[in-house]
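Below you'll find the structure, written out as structure tokens, and then a few comments.
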Amino acid sequence: MGNFNMCKPLASPFHFRATLMGIVCAAVVGSPWAALADEHARPVTYEAALWPTPTTWRVTSETWKLPGSETMGMVGANLLFDVSDKVRLGVGTYGAVRGDRGGFITLGLAGEVRQRLSSSWLGHAGLFVGAGGGRGGVELAGGGLMVRSDVGLTYETAGYGNVGFGLSNVTFPSGVIRSAQPYVLYEYTFHSLLGGHGMALPSRGQSASADLPSRAQEFSLVTRSYRIPASVVRDDGQPQHDSMQLLGVEWLSYLNDRWFVKIESDGAVGGDSAGYMQILAGAGYRLPLTSTMALKVHAAAGPAGGGNVDTGGGLLFDAGVAWQQKLTRRTELELAVGEVRAPSRSFKARSLALKLNYQFGLPATAGAAPVAWPALAGLDAVPLRVRAVSQTYFKDRENWRNGDPSQSVSNLGVQLDYFVSPHWFLSGQGLAAYAGKAGAYMTGQIGVGTQWPVAERWFVEGEALVGAAGGGGLTMGDGLVSQVNAGVGYRLSKSLSLMATAGRIAALRGDMRAKVLGVSLGYEFTGLVDR
2 MGNFNMCKPL ASPFHFRATL MGIVCAAVVG SPWAALADEH ARPVTYEAAL WPTPTTWRVT
62 SETWKLPGSE TMGMVGANLL FDVSDKVRLG VGTYGAVRGD RGGFITLGLA GEVRQRLSSS
122 WLGHAGLFVG AGGGRGGVEL AGGGLMVRSD VGLTYETAGY GNVGFGLSNV TFPSGVIRSA
182 QPYVLYEYTF HSLLGGHGMA LPSRGQSASA DLPSRAQEFS LVTRSYRIPA SVVRDDGQPQ
242 HDSMQLLGVE WLSYLNDRWF VKIESDGAVG GDSAGYMQIL AGAGYRLPLT STMALKVHAA
302 AGPAGGGNVD TGGGLLFDAG VAWQQKLTRR TELELAVGEV RAPSRSFKAR SLALKLNYQF
362 GLPATAGAAP VAWPALAGLD AVPLRVRAVS QTYFKDRENW RNGDPSQSVS NLGVQLDYFV
422 SPHWFLSGQG LAAYAGKAGA YMTGQIGVGT QWPVAERWFV EGEALVGAAG GGGLTMGDGL
482 VSQVNAGVGY RLSKSLSLMA TAGRIAALRG DMRAKVLGVS LGYEFTGLVD R
């Protein structure tokens, strides 16, 4: 069974974020989670239980005040995990949807403390540290570092999610944005089954009848092409290129056999719009046609812009229909057609997308109640690692960026690794500039990596990635980039590791070439999926 002690409540597998942000630097030491990494913890018995981790999707809306009496409407989305009854940690993004700064998007790490005030009301105070920018990025965002603090109240409804309001303060220390404003929020809380590093599960034969129900999920790699009509112009009034190619990822979660919710993130890799990015959330319906084919319809909306694409305030609407063909038990191929439109400006396009779907199920828990150990027999353990990453680019070609080529660019982000074997993993990362006068630079990449131990605590790694990048004055061409990294890591515990990396990033159809030095703090844990 390994040595995973599940007799204590599982607070959250994301203490590494607290360490990075300096919010609760001692969270790992002396906590229930520290016991999970103890090699001498007592063995699991079948009477033990796994406690679900409270998890929250939160959406906020607020309006930032910019210099010159300009305003920018921002939507924020955060995924937060409960560390304790009073502390949540997670990741988040903020994007422009109103005003004239479409494409102003930031990514980062979030945390908050809460205090219950009554049976229905909670008070909270939060901190977000991130990076990014967009239209007018260098002038507004400087290097890109963003700090947002807030205080507010949340009202818990009965089964419909929570609503709230508060005051936030946003600062870009190296830029000119200094804004305090009210905000409103909606959040939905559910419970996730997550285990410690190296968690072992009971065999299927021990209690098949106790299997948990699961909820279907789809993760997709997306390649998309926009066909843009001649009436569309760039944000400078010049004609828009007649096409754009994008790469991205999509996540669908099914509410029942037919209805689903989805989130998708894409970046431009062709069509003279390097730096364009979109983050779209929505819902849809899947209609089975045969045992192997289905039709899907969807509608979505979210922040989009950059790359001189004329999305106005940034809000983009997307709707379409798709044909889905099963390839194997877990994989499907999907061909989708649709249309996107920015309601406040000229940008619109017909969309053609090809998606490779991977289907799996996440166990559905009965709220916060502990899950009996035998009920886990129908699940598979998925080794995962989340890394908080800082990477700095250094000149490797004279014209790698506009402006001062000797100025380095520092980026902050998150990387998720899925270990398909003890030595090989699939990886995805999202980074945004926080220093180096490159506010608005962002990159999203996917790839493969390998890890090999060299001593009891030391290991080496290598990875190769490809994806989209642009903005911040870096000469990315169409936006398609590749990156290779090699690193050496040290295990601080069974779950926590610190790693230093060196590598190189290059625009495949542009002048940008840079040497990369990085450091990351990784946390290894176990996800649970159906068999």
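Letter by letter, the sequence shown follows residues 2 to 532 of this note's numbering. Even for Gly, the Cβ is constructed at its ideal location relative to N, Cα and C. Predicted, not measured: the structure shown is a model, and the values here were computed from it.
Neighbourhood of Ser244 by C-beta distance below 7 angstroms, restricted to the same chain and skipping five residues each side: Cβ neighbours of Ser244 beyond the five flanking positions: Ser226, Tyr227, Arg228, Ile229, Gly272.
Residues of its chain near Leu316, where Cβ-Cβ distance is below 6 angstroms and the 5 sequence neighbours each way are ignored: Excluding positions up to five away in sequence, the list reads Val98.
Residue from Ser221, Arg216, Val223, Arg505 whose Cα sits closest to the Cα of Trp260: Among Ser221, Arg216, Val223, Arg505, the Cα nearest to that of Trp260 is on Arg216.
Sufficient close CB pairs (3 or more, under 8 angstroms) joining the segment 433-451 to the segment 407-424: These segments touch.
Integer Cβ distance of Gly440 from Gly144, believed to fall under 8 angstroms: That pair is a contact at about 6 angstroms.
Assigned secondary structure, Ala142 (DSSP; H/G/I helix, E/B strand, else coil): DSSP, read as helix, strand or coil, puts Ala142 in helix.
Buried/exposed call for Ser534, threshold 16 Cβ in 10 Å: This structure leaves residue 534 out entirely; the chain is present only between 2 and 532.
Contact check, Gly379 vs Ala343, beta carbons under 8 angstroms: No, the pair does not count as a contact, with Cβ atoms beyond the cut-off.
Sub-8 angstroms separation of Leu499 and Gln484 beta-carbons: No, the pair does not count as a contact, with Cβ atoms beyond the cut-off.
C-alpha distance - Arg492 paired with Pro183, whole-angstrom precision: The alpha-carbon atoms of Arg492 and Pro183 are separated by roughly 43 angstroms.
Selection from Leu248, Lys396, Lys349 that minimises the alpha carbon distance to Pro240: Ranking Leu248, Lys396, Lys349 by CA distance to the CA of Pro240 puts Lys349 first.
Beta-carbon spacing of Leu281, Asp236 below 8 angstroms: Result no, Cβ atoms of Leu281 and Asp236 do not sit closer than 8 angstroms.
Contact check, Glu468 vs Thr444, beta carbons under 8 angstroms: The sequence given here places Gly at residue 468; Glu does not occur at that position. Result yes, Cβ atoms of Gly468 and Thr444 sit closer than 8 angstroms.
Nearest to Arg510 (by Cα), restricted to the options Leu481, Leu80, Gly307, Asp405: Cα-wise, what sits closest to Arg510 is Leu481.
Cβ pair Leu186, Gly199 closer than 8 angstroms: In this structure, Gly199 does not lie closer than 8 angstroms to Leu186 by Cβ.
Range covered by the beta strand (DSSP E) that runs through Ala378: Premise fails: Ala378 is in no beta strand (DSSP E) and is neither H nor E.
At least three beta-carbon pairs within less than 8 angstroms, the segment 297-304 to the segment 469-477: These segments do not touch.
Identity of the residues DSSP links to Met200 by a beta bridge: Answer by DSSP bridge pairing: none, since Met200 is not bridged.
Residue from Thr155, Gly504, Ser391, Arg402 whose Cα sits closest to the Cα of Gly131: For the residues Thr155, Gly504, Ser391, Arg402, the minimum Cα distance to Gly131 belongs to Ser391.
Stretch-stretch touch, CB-based, cutoff 8 angstroms, three pairs: the segment 262-276 with the segment 57-72: No contact exists between the segment 262-276 and the segment 57-72.
Residues near Ser121 in its chain [Cβ-Cβ closer than 7 angstroms; skip 5 each side]: Within the same chain, Ser121 has close Cβ partners Tyr156, Glu157.
First and last residue of the uninterrupted beta strand (DSSP E) at Leu168: Counting along the chain, the beta strand (DSSP E) containing Leu168 begins and ends at 163-172.
Nearest-angstrom beta carbon gap, Leu253 and Gly268 [assumed within contact, 8 angstroms]: Rounded, the Cβ-Cβ distance is 20 angstroms, inconsistent with contact.
Counterpart residues of Met147 in DSSP-defined beta bridges: Met147 is bridged to Gly131.
Beta carbon of Leu385 nearer than 8 angstroms to that of Thr502: In this structure, Leu385 sits away from Thr502, with a CB-CB distance that is not shorter than 8 angstroms.
Thr332 - partner residues in DSSP beta bridges: Answer by DSSP bridge pairing, in chain order: Tyr359.
Ala160 burial status per 10 Å Cβ neighbour count (16 or more: buried): Per the sequence presented here, residue 160 reads as Gly, with Ala not at that position. With fewer than 16 other Cβ atoms within 10 Å, it is exposed.
CA-to-CA distance, Gly473 to Gly488, given in whole angstroms: So the two alpha carbons sit approximately 27 angstroms from each other.
For Ala470 and Ile447, the rounded distance between their alpha carbons: Rounded to the nearest whole angstrom, the CA to CA distance from Ile447 to Ala470 is 12 angstroms.
Rounded C-alpha distance that separates Leu522 from Gly176: Distance between Leu522 and Gly176, taken at the CA atoms: about 27 angstroms.
Which of helix, strand or coil DSSP assigns to Gly69: In the three-state reduction of the DSSP assignment, Gly69 falls in the helix class.
Coil, strand or helix - Phe191 by DSSP: Residue state, collapsed to three classes: strand.
Burial state of Ala515, where buried means 16 or more other Cβ atoms lie within 10 Å: Buried, since its Cβ has 16 or more Cβ neighbours within 10 Å.
Span of the beta strand (DSSP E) around Gln239: Where Gln239 is concerned, there is no enclosing beta strand (DSSP E), given that its DSSP letter is neither H nor E.
Residue span of the beta strand (DSSP E) that contains Gln1, given as start and end: There is simply no residue 1 to check, as the chain begins at 2 and stops at 532 in what is shown.
Proximal residues to Thr332 (C-beta, below 8 angstroms), its chain only, five neighbours per side dropped: Closer than 8 angstroms at Cβ, skipping near neighbours: Leu357, Asn358, Tyr359, Gln360.
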